[in-house]
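To keep things clear, I will list the structure first and then write my remarks on it.
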Amino acid sequence: MTTSITVIRWLIRNDLDDVMAIERASFAEPWTQQEMLAALGRRNCIGCVYDVDQEVRGYMLYDLQRGSLNIDNLAVHPDYRRQGIATALIQRLKNKLSQDRRTHITTMVSEHNTDAQLWLRSCGFRCIRVHRGHFGATHDGYEFVYSLRMHRDEQ
Numbered sequence: 103m104t105t106s107i108t109v110i111r112w113l114i115r116n117d118l119d120d121v122m123a124i125e126r127a128s129f130a131e132p133w134t135q136q137e138m139l140a141a142l143g144r145r146n147c148i149g150c151v152y153d154v155d156q157e158v159r160g161y162m163l164y165d166l167q168r169g170s171l172n173i174d175n176l177a178v179h180p181d182y183r184r185q186g187i188a189t190a191l192i193q194r195l196k197n198k199l200s201q202d203r204r205t206h207i208t209t210m211v212s213e214h215n216t217d218a219q220l221w222l223r224s225c226g227f228r229c230i231r232v233h234r235g236h237f238g239a240t241h242d243g244y245e246f247v248y249s250l251r252m253h254r255d256e257q
């Protein structure tokens, strides 16, 4: 029996082909490679991958903001969905939160992406606002937030 080596690590340039393949398989309007590189080139943007035996199975891009972490993009290869990969990536961000520095995680989801909406709810996120036309003239965006305060008050 072999043991798999699973890590969540920084996204490196050599991962870009795998990340772009996951992006194209995951979204009707995927980011281009230029958009991905532009995001990763921002000073406050961090990319990470979920790697199993040196195979990228999922990725996440997020921004470091003053009081929050903002998820810009997150996807898992279709062959590996519903195995906890995206949840592990979110847990990585939750572990970075603190009352002293960054207290919440935000992300924007298309009104049409009900799978992501339901999954975010199961991860403790709440939809706090609708942004009309965020994803084009006919597609609204739902802003989801996970807050330390919100979850501390529930306990």
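The letter at position 139 of the sequence shown is residue 241 when you use the numbering used here, and the numbering goes up by one with no holes. Glycine is no exception: its CB is placed at the ideal position from the N, C-alpha and C atoms.
> What is the residue span of the beta strand (DSSP E) that E157 lies within?
Replying inline: 157 to 166
> Between which two residues does the alpha helix (DSSP H) harbouring W221 extend?
Replying inline: 216 to 224
> What's the C-alpha gap between R145 and I207?
Replying inline: 18 Å
>> Suppose you measure from the CA of C225 to the CA of Y152; what does that come to, to the nearest Å?
In response: 18 Å
> Which residues in the same chain as N175 place their Cβ atom closer than 6 Å to its Cβ, once the five residues preceding and following it in sequence are excluded?
Replying inline: L163
> To which residues does DSSP link I173 through a beta bridge?
Replying inline: Y164, T209
>> Quick check on this structure: which residue in L166, F227, D120 has the alpha carbon closest to the alpha carbon of E157?
In response: D120
> Helix, strand or coil: how does DSSP classify R184 here?
Replying inline: coil
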